[in-house]
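**Student:** At position 258 of the sequence shown (counting the first as 1) the number is 258 in full-length UniProt numbering, and the numbers step up by one without a gap.
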Amino acid sequence: MVKKSLFQLHWFFGITAGLVLALMGITGAIWSFQDELLRLFNPDVLKVEVRQEGVLPMPELVRRVEAAHGDKVAMLTVDTQGDTAARVFFTPPPGERRGQMRYVDPYTGKLQGDVSGQGFFDLMLRLHRFLAIGDTGRQITGACTLMLIFFCLSGLYLRWPRKALNWRVWLTLDWAKKGRAFNWDLHAVFGTWCLLFYLLFALTGLFWSYEWYREGLNRLLGDGPRAGEQHKRGEGRGRPGGAPGKDAKPLVVDYDAVWASLQAAGGPGMATYNLRLPPAGGQPATVFYRLQGAEHERAFNTLTIDPASGQVKKHDRYADKSFKAQLLASVYALHVGSYFGLTGRILVTIASLTMPLFFVTGWLLYLDRRRKKRQVRAARNTLAATDAQGESWLVGFASQSGFAEQLAWQSAGQLQAAGLPVQVRPLAELTESDLQQAERALFVISTFGDGEAPDSARGFERKVLGQPWALNNLNYALLALGDRQYPDFCGFARRLQAWLVERGATTAFAPVEVDSADPSALQHWQQQLAQLTGSTPPAAWQAPTFSNWSLVERTLMNPGSQGSAIYLLGFKPEQPAQWQAGDLVEILPRNSADSLALFLKGLGLEGDTQVQVDGLQETLLQALAGRQLPKSREHLVGLHAQALVDALIPLAAREYSIASIASEGVLELIVRQERHLDGSLGLGSGWLTEYLPVGNSVSLRLRSNSGFHLPAAATPMILIGNGTGIAGLRSLLKARIVAGDHRNWLLFGERNRAHDFLCEHELQGWLHNGSLARLDLAFSRDQAHKVYVQDCVRAQAAELRRWLDEGASIYICGSLQGMACGVDAVLNEVLGAGEVERLIELGRYRRDVY
1 MVKKSLFQLH
11 WFFGITAGLV
21 LALMGITGAI
31 WSFQDELLRL
41 FNPDVLKVEV
51 RQEGVLPMPE
61 LVRRVEAAHG
71 DKVAMLTVDT
81 QGDTAARVFF
91 TPPPGERRGQ
101 MRYVDPYTGK
111 LQGDVSGQGF
121 FDLMLRLHRF
131 LAIGDTGRQI
141 TGACTLMLIF
151 FCLSGLYLRW
161 PRKALNWRVW
171 LTLDWAKKGR
181 AFNWDLHAVF
191 GTWCLLFYLL
201 FALTGLFWSY
211 EWYREGLNRL
221 LGDGPRAGEQ
231 HKRGEGRGRP
241 GGAPGKDAKP
251 LVVDYDAVWA
261 SLQAAGGPGM
271 ATYNLRLPPA
281 GGQPATVFYR
291 LQGAEHERAF
301 NTLTIDPASG
311 QVKKHDRYAD
321 KSFKAQLLAS
331 VYALHVGSYF
341 GLTGRILVTI
351 ASLTMPLFFV
361 TGWLLYLDRR
371 RKKRQVRAAR
381 NTLAATDAQG
391 ESWLVGFASQ
401 SGFAEQLAWQ
411 SAGQLQAAGL
421 PVQVRPLAEL
431 TESDLQQAER
441 ALFVISTFGD
451 GEAPDSARGF
461 ERKVLGQPWA
471 LNNLNYALLA
481 LGDRQYPDFC
491 GFARRLQAWL
501 VERGATTAFA
511 PVEVDSADPS
521 ALQHWQQQLA
531 QLTGSTPPAA
541 WQAPTFSNWS
551 LVERTLMNPG
561 SQGSAIYLLG
571 FKPEQPAQWQ
581 AGDLVEILPR
591 NSADSLALFL
601 KGLGLEGDTQ
611 VQVDGLQETL
621 LQALAGRQLP
631 KSREHLVGLH
641 AQALVDALIP
651 LAAREYSIAS
661 IASEGVLELI
671 VRQERHLDGS
681 LGLGSGWLTE
691 YLPVGNSVSL
701 RLRSNSGFHL
711 PAAATPMILI
721 GNGTGIAGLR
731 SLLKARIVAG
741 DHRNWLLFGE
751 RNRAHDFLCE
761 HELQGWLHNG
771 SLARLDLAFS
781 RDQAHKVYVQ
791 DCVRAQAAEL
801 RRWLDEGASI
811 YICGSLQGMA
821 CGVDAVLNEV
831 LGAGEVERLI
841 ELGRYRRDVY
C-alpha cells in the first residue's frame, strides 16, 4: 500500500511540477556560467588591462566613477588582482529598488560600455527563482523544490532493486534497450546518478524560497545569534540601494577611512572586495572580501563598518567559523557547485541540464501506462457475462504495466467466443483450491526487469512457488511476456512453468514467449488458442470503436459558486447501450469554431477545402476540429490542406465517470469547467459544457471499470467523495437503490453549502425515504476553520469501524490530490495499515480517483 501510494504521488507530482523543475534546471544551468559567457561575448567591456601599479584605491575609484556618471555609488565590487572589470551599482531613483549598474576599469576609473546579453541572463535568473512573475512565482518554485526532495527520496525507494549491492544495477544503462524499457532505464539510472545533486539543489535552493527554512538553517548551523543575519546579507537577500524613510539622515561616507579599515583587515592578500552602502545615514555599511587561496569563491570575510568614520564594528572571518557555519555561509557556492571548484560547477550544470530528461521520460512512462490501462479496460469490455454450464477455463495473469492483463482479457474473450465459460483472475488471488479444481487454465505472465515477478505477483512467488501441491488434473497453456535484452528473459514465467511441471500439470501446447510485444508471437498465441478450441483464428485484437451519442441536457449545478462551473450533462445513444454502475466513458472532444477560425487565420486556407481522414472525405474545418492545434504555426505556413491535417496529431480522448445507470436510458456526466491561466476553457470540459450545442452528437465509447463495480453481495457501502467525484458515487447509489439495498452511507465535501451542494434535492430525498442511511457533509468554506471529507471520516471513526465490522465496503471517488490521499491517510490512522491492506485484498476498499 505504501509503495502504491508513493508511486501515485510520484507520477502525479511529476506531471504537474516536472515542467517547472525542468525550466528551473535549464535556466539555472545557463545562469551559473553567466560571468564566463558574458566575458566571452563582451571582451572589450568586461576584460581590462592589468597595470603594474595595481587597481585604484577605493576613494579614488569612487571619486572618478561618481564624477564620470554623476550619481552616488551604492555598491562596488572590485577584483584587486585580475583583469576583470569592476561592477558598480548607483543609488536608485526614489521608489526604485535598485539603481543603474555599470562596469568600470578598476585601474583607471573609466566607465566601460554596455554589456550585450546582460538582460538575457537577468531574465534567466528571474525565471529560475520565481518564474518572472514575482512572489507568486516564488511560491510555485518553492513548492516545486520541496517536491524535488520528495521525487529523490520516493524515486530511490521505488526503484530499489532486489540486488541492492550490485552497483551495475544502480548505475549502468543498457543502450540496446528500446521503448518503455529504455525510457524506464533513462529515468531510473540517470535519476540515481543525479540524486545527490538534486538533493543538494533542493536543500540549498529552499534557502531563497521560505523564511522559515532560512531561519531554521541559521539556528541549526549558525555559530552565534547574529551569524544568520550576516549570512542573509551576504548570500543575496539584501540588495544595493533602497528608498530611505522620510526622517532618514543623509548618508555620509568617509571612503579614506573605510578603505584604511579594509586594508588593515584584508592586508596584501586581499583578492576581491564588495562594498555595500546603506540607503541612509546612521546605518552600518558591509564589506565582503576574499583572500588569495580561499577555499572557494564565496569564502568571504565580512566587515561591518560605520561609513562615516570607518570604525569596524564587527569582523567575521570565514576561517574562524565552525565547519557548519562555513556551510551556512557557503549556501550559494554549494547551490551552484563552486564550493567544489570548477569540476563541481561543471557537474552541477550537467545535472541541471538533465532535469528536462526526467520530465519527458516520466511523461512517456505515464502515457504508456495510461494507454495500456485503456487497452485492458477495452479488452474487459469485450468479455460478456456468461451463463454457460460446466467447468470454466481459469485465466490467470501477472502484470506490471497492464499489458499482460490486457492480453489475459482478450484471450478470455477468444475462449468465450468459442462457447467456453471463462473466469479471469489475478495470479495473486489464486489458491491451492483454485488450481486443483481448475482442469483447464491459461496463464498470461509478465516478467519485470531481469527475471523478477511483477509487484502484484511477488506474494504468489514467495508463498506458492515451491509448495508441494498436487496439480495432476491441470492442463494449461502459458503466454510469457518479457524483454530479451535482459539476461533472465521471461524468468518469472519460466519459474512458474517449471513449478507447474514439477507438480504434475500438463501443457496443452508449448509455452509462447513474447519479446517486447512481438506481434508475430502474439498471433501465434491466438492461433494456438484457436486450435485448442476448434475455432477459426480471429483477426488482430482491437480496441472498441467510438459511436455517436446526442447531448440532450446541460444544466448548471452550482450557480453563484466561488469555484468553477459544474454541469450535469445527459447523452443518448443511437442504439440502446448497457453499462454498469461505476463504469467510465471516453469522449473525443472537438475544437471550438472560434479556435479553428483563429488557427486558420493567416494560413491562406479555406475551411471548406476537402481533405481525407482515415479514408473518408471531410472539410478542412471538420478535420481540424479533431486535431491538436499548436500555438506556434510557423512550421505549418505554406502547407496545403491535406498536408496540414496529416501534420497534426489527433485529439486524445477524455475520461469521465458515469453518473447514471443504464435503466434510466440517459447517460449522465458531471463535469467541472477547467479554466487556464489566460481565462480560456479546457479543451474537453469546454467542448462539453460550452461549445457543443444541445442536440448535437459527440463521439463516445463506454469503458468497463470493474475495479469500481458494486460488490457481489448486498453488503453495506460507505461512499466517500468530493466535487465531481459525486458522479461515480451517484451511479453506485442509484444501482443500490434500484436493487433495494439501503445500507448506504455517503460522506461528501465541497466549498459552500449554499452553492456547491451538488445533487442536494436528490440526496436529501434519498435520506428522507431511507434509501440513504447516513449523509455526512463537509463544506470547507462555510466556517473559519476549513473542514474536509477526511475530517468527517476521522470524526466518525467509531461508526466507520462498526460498519466495517458488519462487512461494509469503502468506495472513494474524486480528486487524488488532497481528498483521496487525505482519506487514505485517515483510514490508515484510524484502522491501521494492516487492516487497510486487508480491505484492499478483499476488494472492500476501491478507488476511482483522478
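All C-beta atoms, glycine included, are put in the ideal place defined by N, C-alpha and C.
Give every residue of the same chain whose Cβ lies closer than 7 Å to the Cβ of S547, excluding the five residues on either side of it in the sequence, and list them in chain order.
**Tutor:** Here residue 547 is taken as the residue at index 547 of the sequence shown, counted from 1. Excluding positions up to five away in sequence, the list reads P573, E574, L700, R701.
**Student:** For Q485, which option in C152, Y366, E96, D450 has the closest C-alpha, if you only look at C-alpha atoms?
**Tutor:** Along the sequence shown, read from residue 1 onward, the residue named residue 485 stands at position 485. The residue with the shortest Cα to Cα distance from Q485 is D450.
**Student:** Take every Cβ of the region 336-346, pair it with every Cβ of the region 179-194, and state whether three or more of those distances are shorter than 8 Å.
**Tutor:** no
**Student:** Taking the beta carbon of L275 as the centre, do at least 16 other beta carbons fall within 10 Å, making it buried, or is it exposed?
**Tutor:** The count along the sequence shown starts at 1 and reaches residue 275 at position 275. By the 10 Å Cβ count, L275 comes out buried.
**Student:** At what residue ranges does the region 89-147 contain a whole run of the beta strand (DSSP E), taking only runs of 3 or more?
**Tutor:** 101-104
**Student:** Any heavy atom of the ligand ZN closer than 6 Å to the CB of C792?
**Tutor:** The ligand ZN is not among the ligands present in this structure, which contains no ligands whatsoever.
**Student:** May I have the straight-line CA-CA distance separating L76 from L277, to the nearest angstrom?
**Tutor:** As a first step, residue 76 must be located in the sequence shown, where it is residue number 76. As a first step, residue 277 must be located in the sequence shown, where it is residue number 277. In a straight line, the C-alpha of L76 is about 9 Å away from that of L277.
**Student:** Whose CA, out of R736, S330, R458, lies closest to the CA of L772?
**Tutor:** Stepping through the sequence shown from its first residue, residue 772 is reached at position 772. It is R736.
**Student:** Assuming F207 is part of the beta strand (DSSP E), what are its boundary residues?
**Tutor:** As a working note, residue 207 is residue 207 in the sequence shown. Per DSSP, F207 belongs to no beta strand (DSSP E) and is neither H nor E.
**Student:** On the premise that G749 lies in contact with F708, defined as a C-beta separation below 8 Å, what is that separation, rounded to the nearest angstrom?
**Tutor:** Position 708 of the sequence shown holds residue 708. Position 749 of the sequence shown holds residue 749. No, F708 and G749 are not in contact; Cβ-Cβ is about 19 Å, not under 8 Å.
**Student:** How is the beta strand (DSSP E) around T272 delimited, first residue to last?
**Tutor:** In the sequence shown, residue 272 corresponds to position 272, counting from 1. Under the DSSP assignment, T272 falls in the beta strand (DSSP E) whose first and last residues are 270-276.
**Student:** If G626 sits next to R590, beta carbons under 8 Å apart, how far is it from one beta carbon to the other, in whole angstroms?
**Tutor:** For this step, residue 626 is matched to residue 626 along the sequence shown. For this step, residue 590 is matched to residue 590 along the sequence shown. Sure, about 6 Å apart at Cβ, within 8 Å.
**Student:** Could you tell me the distance, in whole angstroms, from the CA atom of L217 to the CA atom of I812?
**Tutor:** Working through the sequence shown from its first residue, we reach residue 217 at position 217. Working through the sequence shown from its first residue, we reach residue 812 at position 812. C-alpha separation (whole angstroms): 41 Å.
**Student:** Go ahead and pull the three-state DSSP assignment for V666.
**Tutor:** Position 666 of the sequence shown holds residue 666. Of the three classes helix, strand and coil, the one that applies to V666 here is coil, per DSSP.
**Student:** Measure the alpha-carbon distance for V637 versus L605 and round it to whole angstroms.
**Tutor:** Locating residue 637 in the sequence shown gives position 637, where the first residue counts as 1. Locating residue 605 in the sequence shown gives position 605, where the first residue counts as 1. Rounded to whole angstroms, V637 to L605 spans 10 Å at the Cα level.
**Student:** Could you tell me which whole beta strand (DSSP E) segments of length 3 or greater appear in the region 254-342?
**Tutor:** 270-276, 285-291, 301-305, 312-316
**Student:** Would DSSP call Y788 helix, strand or coil?
**Tutor:** Here residue 788 is taken as the residue at index 788 of the sequence shown, counted from 1. Here Y788 sits in coil by DSSP.
**Student:** Grab me the residues of L364's own chain with a C-beta within less than 6 Å of its C-beta, minus the 5 sequence neighbours each way, in chain order.
**Tutor:** Position 364 of the sequence shown holds residue 364. So the qualifying residues of the chain are N183.
**Student:** How big is the Cα-Cα spacing for E66 and G109?
**Tutor:** By one-based count along the sequence shown, residue 66 stands at place 66. By one-based count along the sequence shown, residue 109 stands at place 109. Distance between the alpha carbons of E66 and G109: 10 Å.
**Student:** With DSSP run on the structure shown, which of helix, strand or coil describes V189?
**Tutor:** By 1-based counting over the sequence shown, the position of residue 189 is 189. In the structure shown, V189 sits in a helix (DSSP, three-state: H, G or I).
**Student:** Measure the C-alpha to C-alpha separation of R226 and A325 and round it to an integer number of angstroms.
**Tutor:** As a position in the sequence shown, residue 226 is number 226, starting the count at 1. As a position in the sequence shown, residue 325 is number 325, starting the count at 1. In this predicted model, R226 has a pLDDT of only 48, less than 50, meaning its place in the structure is not dependable enough to derive any value.
**Student:** In angstroms, rounded to a whole number, what distance separates the CA positions of L603 and S32?
**Tutor:** What you label residue 603 is simply residue 603 of the sequence shown in a count that begins at 1. What you label residue 32 is simply residue 32 of the sequence shown in a count that begins at 1. About 41 Å.
**Student:** Over what stretch of residues does the beta strand (DSSP E) that includes L772 continue unbroken?
**Tutor:** Numbered from its first residue, the sequence shown carries residue 772 at position 772. Counting along the chain, L772 falls outside any beta strand (DSSP E), and DSSP gives it neither H nor E.
**Student:** Tell me L569's beta-bridge partners as DSSP assigns them.
**Tutor:** Here the question's residue 569 lines up with position 569 in the sequence shown. Answer by DSSP bridge pairing, in chain order: R554, L669.
**Student:** Does the distance from the CB of A577 to the CB of L732 come in under 7 Å?
**Tutor:** The sequence position of residue 577 within the sequence shown is 577, counting from 1. The sequence position of residue 732 within the sequence shown is 732, counting from 1. In this structure, L732 does not lie closer than 7 Å to A577 by Cβ.
**Student:** If I measure Cβ to Cβ from G269 and keep anything under 8 Å in the same chain, skipping five residues before and after, which residues do I get?
**Tutor:** Numbered from 1 along the sequence shown, position 269 holds the residue referred to as residue 269. Taken in chain order, the residues that qualify are L291, Q292, G293.
**Student:** What number of angstroms, rounded off, separates the C-alpha of S338 from the C-alpha of L206?
**Tutor:** Along the sequence shown, read from residue 1 onward, the residue named residue 338 stands at position 338. Along the sequence shown, read from residue 1 onward, the residue named residue 206 stands at position 206. If I take the Cα positions, the gap works out to 18 Å.
**Student:** How many Å lie between R703 and P650 at the Cα?
**Tutor:** Position 703 of the sequence shown, counted from the start, is the residue given in the question as residue 703. Position 650 of the sequence shown, counted from the start, is the residue given in the question as residue 650. Looking at the two C-alpha atoms, the distance is approximately 20 Å.
**Student:** By Cβ distance, which residues of its chain are closer than 8 Å to E664, with the 5 residues on each side in sequence left out?
**Tutor:** Taking the sequence shown and counting its residues from 1, one reaches residue 664 at position 664. Counting only Cβ-Cβ distances below 8 Å, and skipping sequence neighbours, we find K734.
**Student:** Any idea if W160 is buried or exposed, counting beta-carbon neighbours within 10 angstroms, 16 or more meaning buried?
**Tutor:** Numbered from 1 along the sequence shown, position 160 holds the residue referred to as residue 160. W160 comes out exposed.
**Student:** Does the Cβ of W212 have 16 or more other Cβ atoms within 10 Å, making it buried, or fewer, making it exposed?
**Tutor:** Your numbering for residue 212 matches position 212 in the sequence shown. The residue in question, W212, is exposed, as its Cβ has fewer than 16 Cβ neighbours within 10 Å.
**Student:** Taking three-plus beta-carbon pairs below 8 Å as touching, is the region 800-810 in contact with the region 762-771?
**Tutor:** no
**Student:** Quick check on the DSSP output: the beta strand (DSSP E) that includes V73 runs from which residue to which?
**Tutor:** As a position in the sequence shown, residue 73 is number 73, starting the count at 1. That run of the beta strand (DSSP E) goes 73-79.
**Student:** Taking 6 Å as the limit between beta carbons, can you name the residues of its chain near M717, skipping five residues before and five after?
**Tutor:** Sequence index remark: in the sequence shown, residue 717 carries index 717 (1-based). Within the same chain, M717 has close Cβ partners N744, S809.
**Student:** In whole angstroms, what separates the C-alpha of Q617 from that of Q642?
**Tutor:** Taking the sequence shown and counting its residues from 1, one reaches residue 617 at position 617. Taking the sequence shown and counting its residues from 1, one reaches residue 642 at position 642. Spanning the two alpha carbons is a distance of roughly 11 Å.
**Student:** Y788 to R138, Cα distance in whole Å?
**Tutor:** Translated into positions along the sequence shown, residue 788 becomes position 788. Translated into positions along the sequence shown, residue 138 becomes position 138. Approximately 27 Å, taken between the alpha carbons.
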